[in-house]
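Numbering (my numbering), first residue to last: 9 to 485.
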Amino acid sequence: MRRSLLDASRLGLARVNIASHVWCAPAALLMLAALGCAGETDTPTAAESTSALANENKAPPHVPKPRADDTAVQQAANAMLEEGRRTFRHDTFGDEQFWGGKLRLHEAILGTALGGVGDGVSPSAALAVGLKVDRAALPAELIAQLKQGKVDLDDPATTQALLKLDAVVGVKGVFANDGEQLTSIGIQCALCHSTVDDSLATGIGERLDGWPNRDLNVGAIINLSPDLTALTELLGVSEATVRSVISSWGPGKFDAELVLDGKAFQEDGTPAATLIPPAFGLAGVNLHTWTGWGAVPHWNAFVANLEMHGQGTFYDPRLDDKTQFPIAAREGFGHVRSETDLITPKLPALHFYQLALEAPEPPASSYDASAAARGKQLFAGKARCAGCHVPPIFTEPGWNLHTAEEIGIDDFQAQRAPDKRYRTAPLKGLFAHVKGGFYHDGRFSTLREVIDHYDATFALGLSDSERVDLEHYLLSL
Ligand code: HEC
Ligand code: HEC
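Right, here's the structure in full:
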């Protein structure tokens, strides 16, 4: 079931294409054949069949031929999808200048034995900090050796070999001209927003794009750096402080606002980092991120420029607010112009690909269907959830933000964003990110705790069995 998530035919766009053209060309030739096929038949597309059915009691069915510009749109959509997928998985936007160039993380991966610093990072150590290995990038021989336990997972040289195969999800190794020596490293969107299905071993399997990597310990990875000058200078604190802050994050979390406001801890001393959210199920959703910074293309540009340290252009004058964003205002983060723009040309297709990432379907065995059916009634009725989480997008169509008070929590994280609010989190595919907990900082470790919170905040008076039903419904989304 999980493998089928990777199948392009699950995406609505590809489905229309296959439905209309599969009879005349094998899937691989679909795009080339589409033009040639178009004129040869009256076979209706899925959408046309539906509208023909709706009209069956009226005029005799009129089935229009696909128009040339429909075909052109379809081809453009396929090309965008391919390009966006490539960008999401493989593009670093030139950020090697930071992760390798400044943080020198490649040296930490190599270790002194291979010309770097420290002990080096073995595959076991890399997997332990939540990095994932893309099975599809591994040659058959290596897969066989892995299955037989013949690969040395304790040797940093194996990590270097995996990077050379481009097999570490979200991490790109740059190699010197002879191709042997790792000389820099960059990161990709997939580092945080993809995981794997563990089909070969824990941490090794097929990519699951859009699934948040809740095993990934970003802080521990940055902490491997032998040189944190870039961060100590930016934040104006000692190296020891930077190291203790990033070590406080833990798995599945990152603090995107730290480089804007320098706030490392909430008032009660818990880390200010937030959970990595899913990047699937976002089509139709207006504002994104936990605190609604903007729409997907805004945040994509934000992240690629300010967090990944790619080379591009970014404009957001809200960051000029010296009180709310002292560091960003001082550094001019709202007015980034790089000499070469490696980000802006990638934004259209990247956006398109993300919108095509549907939330995965939960396995039928993972929840009780009759309890979920009762929970659905509660969600829309007594529990009043659908007032904000409007099906089927499960956030508000429109301006989907709320004050902290409205959802009964503190406003620490909301105050770190321009609108000072929390965004109604879309709930499709919740089952795929139970690890790390719920709400922006994972304060509720289970869905039951989330439900108990709403029950108390809104005085819902839900019985124990109603809470159980609601939980099954949430797991079924
Ligand atoms: C180091 C980990 C990391 C990387 C790399 C990363 N992100 Fe994110 N992403 C996050 C975190 C954490 C958030 C939540 C930020 C917040 O709410 O403050 C987020 C939020 C998002 C959201 C909003 C999701 C929602 O629920 O609305 C989108 C979309 C997104 N990222 C896309 C991308 C894209 C595209 C890239 C590559 C250009 C990328 N991210 C790279 C960690 C990462
Ligand atoms: C007033 C609007 C509102 C109502 C009513 C509401 N929610 Fe929410 N919900 C939110 C907001 C806003 C968030 C994001 C909180 C955050 O970022 O910390 C959220 C987050 C969640 C999450 C966490 C999602 C995640 O990815 O961590 C779950 C689960 C959830 N709500 C379920 C429910 C259920 C069940 C109900 C009904 C009992 C409900 N909500 C009622 C606004 C609402």
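Quick reminder that beta carbons are idealized off the backbone N, C-alpha and C, glycines included.
Simplified DSSP state of residue i, which is helix, strand or coil
i: L154; result: helix
i: K354; result: helix
i: K384; result: helix
i: A209; result: strand
i: H359; result: helix
i: F183; result: strand
i: D174; result: coil
i: H114; result: helix
i: G292; result: coil
i: L139; result: coil
i: T167; result: helix
i: H318; result: The identity of residue 318 in the sequence shown is Gly, whereas the question assumes His. DSSP places G318 in coil when its eight states are reduced to three.
i: V159; result: coil
i: H410; result: strand
i: V344; result: strand
i: S192; result: strand
i: G8; result: Only positions 9 to 485 of the chain appear in the structure, and residue 8 is not among them; the question remains open.
i: A55; result: Only weak support is given to the placement of A55: the predicted model assigns it a pLDDT of 44, under 50, and the value that follows is read from those uncertain coordinates. Helix.
i: A60; result: Per-residue confidence for A60 stands at a pLDDT of 42, beneath the threshold of 50, marking its modelled position as unreliable; the derived number appears in the next sentence. DSSP places A60 in helix when its eight states are reduced to three.
i: T204; result: Looking at the sequence itself, residue 204 is Val, so the reference to Thr does not match. Note: V204 maps to strand in three-state DSSP.
i: Y430; result: strand
i: L37; result: With a pLDDT of 39 at L37, under the threshold of 50, the modelled position of that residue is not reliable, and the figure given next carries that caveat. Helix at L37.
i: T282; result: strand
i: Y462; result: helix
Beta carbon of residue i nearer than 8 Å to that of residue j
i: E115; j: P279; result: no
i: R382; j: F466; result: no
i: I284; j: P220; result: yes
i: G445; j: P259; result: no
i: N313; j: V344; result: yes
i: L190; j: V204; result: no
i: F387; j: Y481; result: yes
i: L218; j: K436; result: Inspection of the sequence shows that residue 218 is occupied by Gly rather than by Leu. No, the Cβ-Cβ distance between G218 and K436 is not below 8 Å.
i: T237; j: D263; result: no
i: F402; j: P353; result: no
i: A506; j: A175; result: A query on residue 506 cannot be resolved here, the shown segment of the chain reaching from 9 to 485 and no further.
i: L224; j: L268; result: no
i: G181; j: I193; result: yes
Cα-Cα separation, residue i to residue j
i: S471; j: D463; result: 10 Å
i: Q423; j: V226; result: 24 Å
i: A380; j: G128; result: 48 Å
i: V159; j: S132; result: 11 Å
i: G124; j: H441; result: 36 Å
i: P305; j: E369; result: 25 Å
i: A303; j: F420; result: 22 Å
i: S378; j: H296; result: 33 Å
i: Q153; j: K140; result: 18 Å
i: Q274; j: K330; result: 20 Å
i: A198; j: K428; result: 28 Å
i: F310; j: Q83; result: 29 Å
i: T299; j: H410; result: 9 Å
i: V476; j: D418; result: 26 Å
i: G342; j: D460; result: 40 Å
i: S130; j: T210; result: 15 Å
i: F96; j: L350; result: 14 Å
i: G138; j: R222; result: 8 Å
i: A87; j: L161; result: 38 Å
i: I195; j: F106; result: 10 Å
i: E413; j: Y430; result: 10 Å
i: L230; j: L113; result: Per the sequence shown, residue 230 should be read as Ile rather than Leu. Computed Cα separation, rounded: 8 Å.
i: A559; j: A272; result: Outside the shown range of the chain, which is 9 to 485, sits residue 559, and nothing can be said about it.
i: A394; j: E214; result: 34 Å
i: L173; j: L468; result: 54 Å
> Can you find at least 3 beta carbon pairs, one from the stretch 301-321 and one from the stretch 93-111, that sit closer than 8 Å?
Replying inline: yes
Check: Any contact of the stretch 351-366 with the stretch 85-94, i.e. 3+ C-beta pairs under 8 Å?
Finding: yes
| said: Below 8 Å, how does it come out for the stretch 330-340 and the stretch 404-413: are there three or more Cβ pairs, yes or no? | reply: no
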